[in-house]
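Protein chains in written order, with my numbering: chain A, 86 to 551; chain B, 86 to 551.
There are 2 protein chains.
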Amino acid sequence: MPRSDAGTRTTDVMLAIRNKIASRSLAPGDRLPSIRSFAATMGVSPTTVVEAYDRLAAEGLIRALRGSGFYVSTTALPPLKLAEAESPRARAVDPFWVSRQSLDSDDAVLKPGCGWLPSDWMPNDALRQAIRRLARADDNLLAYYGSTRGSLPLRRLLLARFAEEGIQATPDEVMLTSTGTQSLDLICRFLLRPGDTVMIDDPCYFNFQALLKAHQVKIIGVPYTPTGPDLTAFEALLNAERPRVYLTNSALHNPTGATLPPQTAHRLLNAAAQHEMIIIEDDIFADFEPEPSVRLAALDGLNRVIRIGSFSKTLSASIRCGYIAAQRDWIDGLVDLQVATNFGGPSPVATELITQVLAGGSYRKHMEELRRKLARARREVVDRLHRLGIEPWLLPRGGFYLWCRLPDRLDATHVAQAALAEGIVLAPGNVFSVSQGASDFMRFNVAHTLDPRIERTLAEVLRKAR
Amino acid sequence: MPRSDAGTRTTDVMLAIRNKIASRSLAPGDRLPSIRSFAATMGVSPTTVVEAYDRLAAEGLIRALRGSGFYVSTTALPPLKLAEAESPRARAVDPFWVSRQSLDSDDAVLKPGCGWLPSDWMPNDALRQAIRRLARADDNLLAYYGSTRGSLPLRRLLLARFAEEGIQATPDEVMLTSTGTQSLDLICRFLLRPGDTVMIDDPCYFNFQALLKAHQVKIIGVPYTPTGPDLTAFEALLNAERPRVYLTNSALHNPTGATLPPQTAHRLLNAAAQHEMIIIEDDIFADFEPEPSVRLAALDGLNRVIRIGSFSKTLSASIRCGYIAAQRDWIDGLVDLQVATNFGGPSPVATELITQVLAGGSYRKHMEELRRKLARARREVVDRLHRLGIEPWLLPRGGFYLWCRLPDRLDATHVAQAALAEGIVLAPGNVFSVSQGASDFMRFNVAHTLDPRIERTLAEVLRKAR
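Structure below.
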């Protein structure tokens with residue numbers, strides 16, 4: 086039987102029932118015509134009527150009483166107040182502001198402030214191919230929870246990449262998690278207690294602050310320079326505050342795009358060792374580097390450095406999986422914590438799709454093209470922002486962020502609020518700064534800043550703000 | 086070009102390189118033949134060589150130096166100690182014991198102690214159909230994080246089901262999460278502080294204890310009877326301990342299979358209101374009931390009851406998504422917490438697949454068949470266990486658990502350890518009991534207890550244990 090005809094017939098039956106309910110010829114609580122009789126009335130097969138009734142029941146318009154047929158729902162659904170429910174609420178410009186605005190605004194809104202690439206820059210062909218293959222996977226992969234550490238083939242792929250960077254690790258020093266953020270969350274739970282002190286870069290990824298606040302720890306910021314954290318301040322803070330953990334990105338730092346030079350990495354590790362501080366290295370932008378730079382985890386050999394990352398920036402943020410590489414005892418404890426708080430590791434279906442894309446031949450080529458594309462976008466966006474008097478703090482070696490200073494010490498929060506009114510989500514400096522010392526900075530995602538409406542609107546917003 | 090030939094040619098090139106490395110004609114650090122020259126040598130196209138090199142690079146055997154070709158890895162991967170790394174470690178029989186044994190044991194192990202259905206009992210055909218459709222989804226669905234509350238269509242489907250049970254809720258009173266366990270974890274973070282008191286049923290789902298321990302709260306157990314918690318003890322504990330939260334399953338309680346009668350539900354809610362206690366109702370087994378029973382969330386109207394659930398038991402534990410229904414202010418706070426600790430809601434790809442299966446016509450029929458199949462399995466397993474002197478505490482109305490007493494007060498932990506040595510994972514009573522008062526009980530998953538080897542092995546294990 087041709088699919089489209091069957092589909093049409095099902096829709097016809099659904100429409101007939103909808104009309105009966107709308108015209109009150111079927112009232113709430115009424116029993117629907119029996120499958121057999123309505124099939125005869127409509128001149129379709131009983132299967133078609135069953136399909137139609139089931140769909141209407143899934144919508145909540147009718148309900149199936151087990152063993153006794155279908156009835157019109159007595160409990161009509163309340164009206165959907167979409168706008169009210171779904172639109173990001175007016176709220177203070179804090180770290181959640183950027184998250185909510187960028188995640189919940191609809192597709193018509195432009196998002197130079199967001200933290201991901203446009204969907205058509207992602208390796209969707211390889212992903213679609215992996216999805217088609219997934220439809221033929223065995224039942225166990227589709228149905229079961231999967232192992233507590235996550236897919237072994239994906240952990241092996243990660244180990245191969247770590248080895249390229251000089252990190253020798255074994256499969257039991259790596260675990261997979263649901264998301265990169267969840268990796269960090271598990272580690273915080275494992276290492277920290279309320280009241281502990283954690284050091285972050287100032288500025289740093291805004292969600293670090295939100296996450297650490299959820300752990301009720303004391304947050305201190307170390308000033309970040311174009312060559313990494315200010316080492317004098319770093320060492321002074323270690324002496325004065327004895328932070329238990331330092332959380333950073335060594336390569337393509339978010340939001341600045343800076344990369345840690347080897348000398349800084351070496352000194353920083355020595356200071357950490359002296360003060361028994363643990364370092365969490367979030368390496369989520371690793372694949373965007375033109376050539377790999379030095380990593381704290383590699384210098385340290387996963388002794389006091391824990392490395393985390395995910396595939397959300399390069400592969401898909403919809404099919405999510407994060408990872409943690411750390412010494413084996415810590416991984417054992419983290420696996421227990423993940424079982425307790427998430428029951429098991431990441432989705433086996435997600436890890437299978439990611440493994441297929443990474444192991445396939447096209448991923449490396451895709452990343453090479455992407456790096457070239459981003460280099461062009463960076464140059465183009467630097468030019469356009471320059472015309473507006475907005476200047477980058479440094480020119481990053483890779484990635485998609487530009488950390489920029491606004492002209493005339495304009496307040497980035499005010500600019501972001503004015504831009505939002507024009508349908509543009511920006512990422513104002515102070516959401517990245519624990520000291521609130523970046524009021525005239527703004528983070529731009531170059532891949533989302535190419536739309537010509539952005540330059541025009543920003544020019545107007547800046548003119549009014551002066 | 087036919088796929089299989091291309092695949093064979095790629096494999097040939099990979100094998101040729103592997104052999105060169107194994108025979109040391111290519112040593113660590115050596116540059117591989119150029120794409121063009123090796124394509125000529127092998128009589129294949131350059132594309133095939135690129136594909137083969139990329140796959141070898143993904144395996145870690147060779148590495149791509151950006152812009153300069155491929156080299157044999159100098160850092161061979163350490164040997165995979167699979168057995169050591171992957172086998173569940175010998176450890177105390179605590180709540181983690183059952184999780185680790187059931188999640189990490191290989192497929193040859195029989196698992197009457199596990200908490201999920203066999204993969205061929207799941208709606209895999211509908212899932213495969215949804216996966217094939219997913220391959221044609223638009224780029225945004227495949228690439229982006231999705232909204233903070235999760236897919237609106239899936240929330241609407243949930244609202245339709247809630248309405249059938251008499252729960253009137255709006256889309257902003259529902260949020261989707263990564264997993265059912267994560268739903269509970271977010272709520273604990275939102276409501277609890279270390280040192281708070283939480284009441285659970287004794288016995289209850291073993292992971293509740295593990296999760297609450299991660300929150301460093303005081304755990305108290307209320308004795309569970311065939312008609313729900315013992316109300317006298319419940320009220321006495323409320324007076325004496327003033328728990329902030331009570332966590333329970335109202336329908337098809339885990340592990341006992343009991344269902345709360347309306348009178349108990351009503352009294353329990355009144356007592357909770359008097360002591361300003363919040364109730365978390367975990368409704369993960371809802372769809373296994375032959376007819377819906379009364380729900381605390383429905384009586385209470387999402388005032389002090391928070392309802393959680395997931396699709397892991399009926400649809401897939403590999404494609405995971407949980408939900409929370411609660412008053413709107415709480416959902417707002419929980420959404421912020423989920424952004425901070427997970428960056429965004431559940432995987433949009435996962436919620437799309439779940440929506441497709443639930444909205445499709447076949448799901449209701451699948452669940453009806455499943456309930457019949459489980460009823461038969463329950464009868465059969467009750468008979469088999471009876472022959473071993475193992476008797477159910479009650480006969481549940483639905484679901485897949487039987488909570489059973491072992492003969493002669495045998496110690497279930499010892500029996501479980503002995504059974505594990507024979508390749509059978511059991512769930513001994515005390516992992517479910519905060520008071521450790523269920524030492525001669527065992528939870529059986531009837532769907533996994535039909536294998537005839539289980540009766541034989543259990544008979545032997547029990548004989549030796551006497």
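Where is the CB? At the ideal position from N, CA and C, for every residue including glycine.
Let me check one thing: in DSSP terms, what residues is residue i bridge-paired to?
| i | result |
| --- | --- |
| Ser395/B | Gly407/B |
| Thr333/A | Glu366/A |
| Val157/B | Ile147/B |
| Met302/A | Reading the sequence as shown, one finds Val at residue 302/A and not Met. Note: Val302/A sits in no beta bridge, so no partner. |
| Ile285/B | Gly306/B, Leu332/B |
| Gly445/B | DSSP output for Gly445/B lists no bridge partner at all. |
| Val390/B | Ile364/B |
| Leu195/A | Ile509/A |
| Arg103/B | Paired residue(s): none; Arg103/B is not in a bridge. |
Could you compute how far the alpha carbon of residue i sits from the alpha carbon of residue j?
| i | j | result |
| --- | --- | --- |
| Pro118/B | Leu150/B | 14 Å |
| Asn209/A | Ala497/B | 51 Å |
| Val157/B | Ile120/B | 14 Å |
| Arg278/B | Leu271/B | 12 Å |
| Val178/A | Leu381/A | 33 Å |
| Leu400/A | Tyr309/B | 48 Å |
| Pro492/A | Val330/A | 36 Å |
| Leu141/B | Ile147/B | 6 Å |
| Pro328/A | Ala299/A | 17 Å |
| Ala112/B | Asn104/B | 11 Å |
| Arg392/A | Ala336/A | 12 Å |
| Phe529/B | Arg463/B | 10 Å |
| Leu438/B | Gln186/B | 29 Å |
| Arg116/B | Ile102/B | 12 Å |
| Gly418/B | Gln412/B | 10 Å |
| Ile404/B | Ala228/A | 8 Å |
| Phe247/B | Gly145/A | 9 Å |
| Lys196/A | Asn324/B | 53 Å |
| Ala245/B | Glu258/B | 13 Å |
| Arg213/A | Gln441/A | 11 Å |
| Ala550/B | Val500/B | 7 Å |
| Glu465/B | Leu535/B | 8 Å |
| Arg274/B | Ala295/B | 14 Å |
| Ala73/A | Phe291/A | Because chain A is modelled from 86 through 551, residue 73/A falls outside the range shown and cannot be assessed. |
| Thr96/A | Leu345/B | 40 Å |
| Phe526/A | Ala402/A | 27 Å |
| Leu239/B | Cys406/B | 10 Å |
Report buried or exposed for residue i, applying the criterion of at least 16 other Cβ atoms within 10 angstroms of its Cβ.
| i | result |
| --- | --- |
| Ala532/A | buried |
| Asp205/A | exposed |
| Ala168/B | For Ala168/B, the predicted structure reports a pLDDT of 29, less than 50, and the residue's modelled location is therefore unreliable. A value from the coordinates is still provided. Its Cβ having fewer than 16 others within 10 Å, Ala168/B is exposed. |
| Leu188/B | buried |
| Pro347/A | exposed |
| Asn355/B | exposed |
| Pro537/A | exposed |
| Ser153/B | exposed |
| Leu100/A | exposed |
| Gly114/A | exposed |
Near-chain A residues of the segment 386–416 of chain B - C-beta to any C-beta below 7 Å: Ser401, Ala402, Ser403, Ile404, Arg405
Chain-ordered residues of the segment 368–380 of chain A with a beta carbon less than 7 Å from chain B: Pro375, Glu376
Unbroken stretches of the beta strand (DSSP E), 3 residues or longer, contained in the segment 200–281 of chain B: 259–262
Near-chain A residues of the segment 116–130 of chain B - C-beta to any C-beta below 7 Å: none
Alpha helix (DSSP H) runs contained entirely in the segment 496–546 of chain A, provided each spans 4 or more residues: 497–506
Chain-ordered residues of the segment 426–437 of chain A with a beta carbon less than 7 Å from chain B: Thr426, Asn427, Phe428, Gly429, Ser432, Pro433, Val434, Ala435
Alpha helix (DSSP H) runs wholly inside the segment 463–489 of chain A, at least 4 long, in chain order: none
Where the segment 442–464 of chain A meets chain B: residues whose CB sits under 8 Å from a CB there: Leu443, Ala444, Gly445, Gly446, Ser447, Tyr448, Arg449, Lys450, Glu453
Residues of the segment 268–300 of chain A with Cβ closer than 8 Å to any Cβ of chain B, in chain order: Asp270, Arg274, Pro279, Asn292, Ala295, Leu296, Lys298, Ala299
Near-chain B residues of the segment 209–220 of chain A (beta-carbon distance less than 7 Å), N- to C-terminal order: Asn209, Leu212, Arg213, Ile216, Arg217, Leu219, Ala220
Residues in the segment 173–193 of chain B having any Cβ partner in chain A nearer than 9 Å: Pro173, Arg174, Pro180, Phe181, Ser184, Arg185, Ser187, Leu188, Asp189, Asp192
Positions along the segment 137–149 of chain B whose CB lies within less than 9 Å of some CB in chain A: Ala137, Tyr138, Asp139, Arg140, Ala142, Ala143, Glu144, Gly145, Leu146, Arg148, Ala149
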